[in-house]
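Chains A and B, in that order, are what the protein sequence lines are.
Everything in the first sequence is counted per the numbering used here, starting at 10 for the first residue and increasing by one.
Everything in the second sequence is counted per the numbering used here, starting at 10 for the first residue and increasing by one.
We put the CB at the ideal spot given by N, CA and C, even for glycine.
There are 2 protein chains.
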Amino acid sequence: MHVKQHNNLLAFSEHNHHQCEKVLLDRAKTLCDQREVRLTLRRRQVLEILLSTHQPMGAYDVLNTLNKTEQNITPPIVYRALDFLLEQGLAHRIESENAFVPCMHPGHQCEAQFLICSNCHCVAELDSAISPVLDEAQKIGFEIRHAVIEISGLCATCRQ
Amino acid sequence: MHVKQHNNLLAFSEHNHHQCEKVLLDRAKTLCDQREVRLTLRRRQVLEILLSTHQPMGAYDVLNTLNKTEQNITPPIVYRALDFLLEQGLAHRIESENAFVPCMHPGHQCEAQFLICSNCHCVAELDSAISPVLDEAQKIGFEIRHAVIEISGLCATCRQ
DNA sequence: AAATGTTATGTAATAATATAACAATATGCA
DNA sequence: TGCATATTGTTATATTATTACATAACATTT
């Protein structure tokens, strides 16, 4: 399995998840080193929690999970770690769920789009981007800063 | 001005807003009659408040506005009216803002996409739909139920 | 190592958004 | 009218997120 080459649909496929987590955590470390930002204990813990599943987690899910091994984890601690991960492109916020997923290809520039299965609640991250909507925007002189593209429905497995 | 023909970019254009509101409120009445659902006082009041601007309004913005003329309007009252409007396609929820806008072409089937100006906070509703993301979804057997497409940036006016 | 500035975390309180549960009222219709 | 259903009113609370300020960790200079 070549996790680095295309992990777009990983969430909907059988895969070695332990390796999936490991590769992305290592990649996060490398990127933070390169950028001279610190992947501190708390930030790494939150990233690890996000990486543990392909289902989006709410901030309070993360908080409760973290509180199983740590003490007195409060909302600001979690939200600050999440903000860091979002800034560094190591995680994404799923607006339509008020929840967070780890980025499946950190370091890539283009913005992500998400396919969200309503049944298994897994989220696949695409990076193909570019749609007629964006063309339309350009045509009318709208300068795009950020695109939220979240498609929900049923993944191939759950349709069966 | 032909509100009915293309009000996609109305939000970013000078227009007779009084007429814009009136046309859409009348259209809502007609649609509700056709569908044999009731556009009650509360529902109409909430729709009117949404129609008063092209900026998305939070539920509590609506609540505070409504409480200026009414008494004891509470969150459930507002959320229920909003739910009704969403169900009937008379309003949309902007997920990335936890806020609501009136639908600019109610009765049309296809899902909307939004251009949100970060400066003037106006929202334009496109209905052109269909993007490579949707194609991609289909290709991998993902059955689309709902698409959240919210593009934020600067509208032509605010870029200047 | 001490002093300093900066970054990150801890802590308490609260704001903002949304829903649950049940009571009362209004509406449509037999 | 009386019944069933839909809608609204009311109270309480759940969920998500932020503010404000205190403390601690880290990095650099001395």
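Neighbours of residue 122 of chain A across chain B, judged by C-beta separation under 8 Å: 142.
In terms of beta-carbon proximity, residue 131 of chain B stays away from the interface with chain A, with every pair separated by 8 Å or more.
Straight-line measurement puts the Cα of residue 130 of chain A at about 24 Å from the Cα of residue 160 of chain B. Residue 24 of chain A: not part of any alpha helix (DSSP H); DSSP gives it neither H nor E. Under the three-state reduction of DSSP, residue 105 of chain A is assigned to helix. For residue 93 of chain A, the closest of A:81, A:67, A:56 by C-alpha to C-alpha distance is A:56. For residue 149 of chain A, the C-beta contacts it makes with chain B under 7 Å involve 18, 165, in order along the chain. One finds 146, 151, 152, 153, 154, 155 in chain A with Cβ atoms closer than 8 Å to the Cβ of residue 162 of chain B, taken in chain order. Contact of residue 135 of chain B with chain A is assigned, a C-beta pair being separated by under 8 Å.
Counting only residues of its own chain and dropping the five nearest sequence neighbours on each side, residue 105 of chain B has a CB closer than 6 Å to the CB of 159.
By the beta-carbon neighbour count (other beta carbons within 10 angstroms, threshold 16), residue 72 of chain B is buried. Rounded to the nearest whole angstrom, the C-alpha separation of residue 75 of chain A and residue 24 of chain A is 25 Å. Between residue 124 of chain A and residue 134 of chain A, the alpha-carbon positions lie close to 7 Å from each other. The beta carbon of residue 103 of chain B sits closer than 8 Å to the beta carbons of 65, 109, 110, 123, 125, 132, 159 from its chain, once the five residues preceding and following it are set aside; these are given in chain order.
For residue 134 of chain A, the enclosing beta strand (DSSP E) has its first and last residue at 132-135. Collapsing the DSSP output to three states places residue 153 of chain A in a strand.
Residue pairing for residue 100 of chain A: DSSP places it in a beta bridge opposite A:111. Between the alpha carbons of residue 46 of chain B and residue 90 of chain B lies a gap of roughly 13 Å. Here residue 114 of chain A is buried: its Cβ has 16 or more other Cβ atoms, across all protein chains shown, within 10 Å. Take residue 87 of chain A, set aside five residues on each side of it, and the residues of its chain with a beta-carbon closer than 6 Å to its own are 68, 71, 72, in chain order.
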